[in-house]
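Visitor: First residue of the sequence shown? That's 33 in the working numbering, and the numbers climb one at a time after it. Every residue gets a Cβ at the ideal spot worked out from N, C-alpha and C, and that includes glycine.
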Amino acid sequence: MTQSHEQELDLTTLWHRLRRALPWILALSLALAGLAYFWSQSQPEVYEAQASLLVTGGSAQAADGVLGEALVKAPPLPEGAVAEALQSTSVMGPLTDKIAGSPAIPAPEQQRLVQDLKTELAERNLETVRLTSRLDLYGNGIYTVSGRANTPQAAQALTNLAAQSLLEWDKDRALASVRQAQQGFEGQLNQVAAELRAARAGTPERALLVSRQQALQQSLTQVGILEQSISGVLQPLSEAIVPLSPVEPKPLRNALLAGIVGLLLGLGLATLRAVADRKVRSEDDLLDLGLPTLASLPKLRQRDLVMGGLVRAARQAGLYEAIGFLRVNLLSALQGTEHPVVMVTSSAPGEGKSSVTATLADALGSTGKKVLIIDADLRRGTQAQVWQKYMNGAPATWLSLTGSGGAQDTPSALRDPHNVQVLAAAENVHLLPAGQGMQDSLGALNAGQLSEAIQLWRSHYDLVLIDSAPLLALADGLVIGKVADGVVLVTEAGQTDLRAVRNSVRRAERAGLKLLGFVINKQSQSSESSYSYSYSYSPRSRAEG
């Protein structure tokens with residue numbers, strides 16, 4: 033299996049897990065949308081008004097012939113100058129004073145607006161009053177002043193006052209050149225007056241100074257007249273009107289945005305969880321491995337296991353029906369094979385392969401099929417303990433499988449397969465125990481006559497189940513699996529790592545084992561992704577006829 037194919041399979045698994053988490057993701061999205069909606073409903077209404085200013089890119093106009101070289105013209109407004117002016121005390125100072133004295137704005141709203149503007153000015157982040165522009169390459173166009181307040185009338189008044197403050201700032205800027213000219217003429221007049229005081233009467237120099245003094249006084253008078261009529265480059269275009277509806281809050285818009293954020297957040301969290309959690313939880317997680325899931329078995333209650341043992345607990349409603357699915361699917365996969373031999377294994381210890389083997393054998397035996405269990409987990413065989421609990425202290429009954437007398441455990445039986453005894457564990461179920469645990473289990477399997485023994489014993493039974501050691505723990509299963517007609521791989525819901533399952537499948541395929549499918553064991557019946565076999569479908573009474 034190539035690396036690119038593994039990545040494709042991981043994406044498939046990710047998709048199945050995201051689909052399984054979809055109800056929670058949608059619930060999170062709806063919850064955030066609802067919270068955003070009700071929070072927005074509780075916020076005060078905000079109204080926005082707009083006023084327009086016309087800008088012509090010119091400057092204060094004055095007659096050069098009158099002012100002469102003493103007049104300094106106001107330069108055109110550079111790009112961004114008006115926006116910077118709005119965020120300065122030159123505009124904001126007069127604006128806050130105007131707000132505090134405006135009869136159209138209620139006193140509480142006045143205090144709030146003044147405080148907000150001072151805070152925004154300090155942070156250089158104006159929100160209460162904003163400015164946008166549509167200018168051409170020559171600086172001509174329109175400035176739009178927007179003001180926000182909690183009442184329509186306050187928004188209108190605030191916007192008009194902000195526009196007025198900008199116009200006054202621009203006019204003061206334009207008047208600066210006229211005032212400079214005025215100061216220049218006044219300076220020249222003072223100098224001429226001083227020279228007149230020093231000049232002798234009747235001299236040509238004095239007559240020239242008098243003439244110059246009169247010209248300067250005339251120019252100073254014209255500058256005073258010009259001061260009353262001069263204007264800046266900004267001109268009022270349209271005043272603000274009372275807004276009809278608030279711009280904030282917008283509950284539906286906020287709810288939609290919060291819902292989208294919740295959806296993305298849920299998808300992100302689910303993706304992180306899916307990537308971090310590489311455990312088998314449902315059949316969907318195993319689909320990309322290309323093998324069927326033969327059954328999902330619910331987890332048994334610990335109390336039932338302690339009171340009656342595994343086999344009796346499995347016969348209760350829930351696991352019994354699930355084992356029925358496993359029995360049917362397994363026999364369908366083995367259709368056409370006479371006296372089939374099936375090895376049951378897992379990736380790691382503790383995933384329940386022995387319990388699955390025992391309960392499957394009991395289910396097959398209850399249908400009349402004769403079953404042999406071979407406990408080939410020679411290091412940690414548990415089948416003997418499982419069935420001793422079921423027999424509840426009854427004396428063991430040993431039956432001759434081949435020959436007379438002979439071996440009563442798997443290692444001994446493999447050395448002499450023609451003289452073997454088996455334990456009558458239940459009706460139609462016989463057991464060949466693993467015996468005492470041994471360290472060199474693989475050596476015992478290789479030293480025995482495994483293939484000959486299986487071929488000899490299988491003819492006596494409808495089906496042989498071999499409980500083998502985990503594939504990733506020991507190589508025993510790879511040896512045993514070669515003589516089996518099929519292999520069932522048991523996984524534990526919420527515990528078995530997907531990478532371990534993938535490695536087990538690889539190892540089995542490289543060894544030439546025929547994998548029939550998976551069994552998901554110990555699945556929580558409360559899990560939303562589990563298949564529930566515990567529905568009530570008991571026999572109908574006559575009264576229900």
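(1) To the nearest angstrom, how far is the alpha carbon of ALA231 from that of GLU237?
(2) On the three-pair Cβ rule with 8 Å, is the stretch 364-375 touching the stretch 517-529?
(3) Measuring alpha carbon to alpha carbon, tell me which residue in LEU297, VAL522, GLY469 and LEU118 is nearest SER178.
(4) Under DSSP, the beta strand (DSSP E) around MET375 begins and ends at which residues?
(5) Quick one: is ARG51 buried, meaning 16 or more other Cβ sit within 10 Å of its Cβ, or exposed?
(6) Any chance you could list the alpha helix (DSSP H) runs of at least 4 consecutive residues sitting entirely within the stretch 465-495, in chain order?
(7) How is the beta strand (DSSP E) around TYR170 delimited, first residue to last?
(8) Considering only residues of the same chain and omitting the five flanking positions on each side of LEU351, which have a CB-CB separation below 8 Å?
(9) Straight-line CA distance for SER11 to ALA543?
(10) At 4 residues or longer, and completely inside the stretch 223-308: list those alpha helix (DSSP H) runs for me, N to C.
(11) In or out: SER436 buried (at least 16 other Cβ within 10 Å) or exposed?
(12) Between GLU80, SER386 and LEU342, which has its C-alpha nearest LEU497's C-alpha?
(13) Which residues in the same chain have their Cβ closer than 7 Å to the Cβ of MET124, if we skip the five residues on either side of it in sequence?
(14) With distances taken Cα to Cα, identify the nearest neighbour of GLY509 among ASP407, TRP489, GLN415 and ARG531.
(15) Exposed or buried, which one is ILE405 when buried takes at least 16 other CB atoms within 10 Å?
(16) Are the CB atoms of GLN429 and ALA456 nearer to each other than 8 Å?
(17) Could you please give me the residues that DSSP links to ASN553 through a beta bridge?
(18) Are the CB atoms of ALA187 and GLU80 nearer to each other than 8 Å?
(19) Tell me where the alpha helix (DSSP H) around ASP508 begins and ends.
(20) What would DSSP say about LYS311, mapped onto helix, strand or coil?
(21) Comparing C-alpha positions only, which one of LEU464, GLU280, LEU321 and LEU503 sits nearest to GLU159?
(22) Rounding to the nearest angstrom, what Cα-Cα distance links HIS48 and GLY384 in this structure?
(23) Straight-line CA distance for GLY322 to PRO283?
(24) Return the chain-ordered ranges of every alpha helix (DSSP H) run that is complete within the stretch 336-424 and spans a minimum of 4 residues.
(25) How is ILE137 classed by DSSP in three states: helix, strand or coil?
(26) Put HIS450 into one of helix, strand or coil per three-state DSSP.
(27) Could you say if the stretch 51-62 and the stretch 288-297 meet the contact criterion of at least three C-beta pairs nearer than 8 Å?
Guide: To lay it out plainly:
(1) Straight across, the Cα-Cα distance linking ALA231 with GLU237 is about 7 Å.
(2) They touch, by the three-pair rule.
(3) Distance check between SER178 and each of LEU297, VAL522, GLY469 and LEU118 places LEU118 closest, using alpha-carbon atoms only.
(4) Segment 373-378, the beta strand (DSSP E) holding MET375.
(5) Around the C-beta of ARG51, fewer than 16 other C-beta atoms lie within 10 Å, and the residue is accordingly described as exposed.
(6) Runs of the alpha helix (DSSP H) lying entirely within the stretch 465-495, each at least 4 residues long, are 473-479 and 482-490 in chain order.
(7) Segment: none, TYR170 is in no beta strand (DSSP E) and carries neither H nor E.
(8) In chain order, LEU329, PRO330, LEU332, ALA345, THR391 and TYR565 place their CB closer than 8 Å to the CB of LEU351, counting only its own chain and leaving out the 5 sequence neighbours on each side.
(9) Look at the range of the chain in this structure, 33 to 577, and you will see that residue 11 is not part of it.
(10) As far as the stretch 223-308 is concerned, its whole alpha helix (DSSP H) runs of at least 4 residues are 236-261 and 283-308.
(11) Of the other Cβ atoms in all chains shown, fewer than 16 fall within 10 Å of the Cβ of SER436; this residue is therefore exposed.
(12) Here the closest residue by C-alpha is SER386.
(13) The residues are LEU149 and LEU153.
(14) Put simply, of ASP407, TRP489, GLN415 and ARG531 the residue whose alpha carbon is nearest the alpha carbon of GLY509 is ASP407.
(15) The residue in question, ILE405, is buried, as its Cβ has 16 or more Cβ neighbours within 10 Å.
(16) A small fix is needed here, since residue 429 is Thr in this sequence, not Gln. For THR429 and ALA456, yes; Cβs fall inside 8 Å.
(17) Paired residue(s): GLU524.
(18) With respect to GLU80, ALA187 sits close: the two C-beta atoms are nearer than 8 Å.
(19) Under the DSSP assignment, ASP508 falls in the alpha helix (DSSP H) whose first and last residues are 508-513.
(20) Residue state, collapsed to three classes: strand.
(21) Residue GLU280 is the option with its Cα nearest to GLU159.
(22) CA-to-CA, the gap between HIS48 and GLY384 works out to about 25 Å.
(23) Near 49 Å, if we compare the C-alpha coordinates of PRO283 and GLY322.
(24) Annotation: the stretch 336-424 contains the following complete segments of the alpha helix (DSSP H) (minimum length 4 residues), in chain order: 351-365, 385-398 and 415-423.
(25) ILE137: coil per DSSP, three-state reduction.
(26) Judged by DSSP in its simplified three-state form, HIS450 adopts coil rather than helix or strand.
(27) At 8 Å Cβ cutoff, the stretches touch.
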